[in-house]
Structure formats: structure tokens, C-alpha cells
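In my numbering, the protein residues as written are 99 to 371.
The structure is reproduced here in C-alpha cells:
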């Protein structure tokens, strides 16, 4: 059953005597009528300008074979497809490699391109693995470095000029003898007044620093060891046994005036002004 429009087309057909009442000639005439006529020049242009673009090589090759069917290339078909592959692939390095082969065939071209794409995929997988390992190593290194942050700082202190932990500064609460302000020593004082007296004051302050530091650290150790007894020893001074408190961190020891009076032949030197 055909429609009115198809019947009008049918009426235009001319059959030979031997084609009357036969379906095959009828189908051929309908197919010839409705099938668009191909422009051979344009079709060959599409074939000769076909590029791989973003497709994988297999899809590119299938497209070239389908386009080649529109022409009767005969024995030239494989060589023309080979040429189009060599000129239309994306990889410049692969194109140069193919063009170096003076005996290049379509089969050799297909084997080369498939091997190239396989190796490219494998290299990409290796690269991802190496990057993942590198990230893990850097992460572990970052964790290790973070442990170093908790170490006490040993930089010169802005307020006292010495090196100590960031949580303790021995000058805290002391007055600068150069400017009279609190919490810094004269040697690091930024005041322009009394600059000439800095050297003398630094010596006095340094002794105070050592004394205060020693006292503070002794208190710290005594508290942590829960020990209240003083460490003392007996030392003979001019044939007189005198008990001294041990303080290895002190610059000098101090005795009372009564103890001093008990020492025979005590020479006392007057301090020079």
C-alpha cells in the first residue's frame, strides 16, 4: 500500500517489458528517486580534510573507512586511508615518525597508532601514581615539621637581648636604667636619653639577669622535685669552716655580716668608686 504522493511518483516510472510485474525493479526506481544525489567532489573534500580531533584513533579510522565507501577507490583505498591517517592524527611526534617510514602501510600505521595510544594511557596512570605518592610524602613531611613548631624559640629576645624560651623573659618587671621604663634592659633600650651610660648599666643588668634567672630556675626545679631542703656544703675559709648554700648558676656568693665577722684575718677591700 502506498500513499497518493507515492502513487504520483510511481506514475512517472518507465519499465521495460521484462521489468513489468516485478518488485525488484520497482524498489530500485523508488530508491533512485528518493535517495539524494551525492556530490562526488564534495564527498572527496570531506574525506581529504577529515581530522582526528578529540576522537580516539579507532573512531577516526572507522570514520575514514565509511567515507571511502562513497567512492570507488579500488586498490587505492588502503593507501588513501593510510595517507589521511598520517596527515590527520593529533600527535605531531607520531606524524613525524610515520612519515619517516618509506615503506609505510595501512597495517603498520594502525599498529603504530594503537601502541602509541596504549603507552600514552599507561604513562598517564604512572604519573597519577607518582603524584599521589608525592602528596603523601609531602603530607608526612608537613606533619613532621609541625612537631618542630613546639620547640622553644632560641632567638635573641627583643626586651633583654639574651636567648631564652618564648614563655619566659627574665627582664619582666625590671626597670631600665637608661630610660626608666619597665620590662627591658638598657642594652636594648631604644630611648635616646642616657645613651652614654649604657655600657655601665648593661653590666649591672646582666648580673641581675643571671641572679634572677638562677633563682627562678631553682624555684622551678625545687617545685617539680618537691624538695624544700637547701643544698649546702662546708668550706674552710682562713681555717674557719663556713656553711655555704650551693648555687652553681650564680656569678658570686653572698654571706651575712655576722658570718663575715666570724672569719679570722678577714681582709676587706674597699670598693673603688
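Note that the Cβ used here is the ideal one computed from N, Cα and C, for glycine as well. These numbers come from a predicted model, not from an experiment.
- For residue 153, the CB contacts under 8 Å within the same chain, skipping 5 residues up- and downstream, are 161 in chain order.
- Approximately 5 Å separates the beta-carbon atoms of residue 207 and residue 183; this is inside 8 Å, confirming the contact.
- Spanning the alpha carbons of residue 217 and residue 147 requires a straight line of approximately 27 Å.
- Cα atoms of residue 113 and residue 167: separation of roughly 30 Å, rounded to the nearest angstrom.
- In the DSSP assignment, residue 335 falls within the beta strand (DSSP E) that extends over 330-335.
- In terms of Cβ geometry, residue 188 and residue 150 form a close pair [threshold 8 Å].
- For residue 281, there is no enclosing beta strand (DSSP E), as DSSP gives it neither H nor E.
- Residue pairing from DSSP places residue 338 in a beta bridge opposite 335.
- Assignment of residue 126 by DSSP, reduced to helix, strand and coil, places it in the helix class.
- Of the candidates 109, 272, 171, 354, the residue whose Cα lies closest to the Cα of residue 141 is 171.
- When the beta-carbon positions are compared, residue 212 and residue 128 stay at least 8 Å from each other.
- For residue 158, the enclosing alpha helix (DSSP H) has its first and last residue at 155-166.
- Secondary structure of residue 261 (DSSP, three-state): strand.
- Assigned with DSSP and collapsed to three states, residue 253 falls in coil, not helix or strand.
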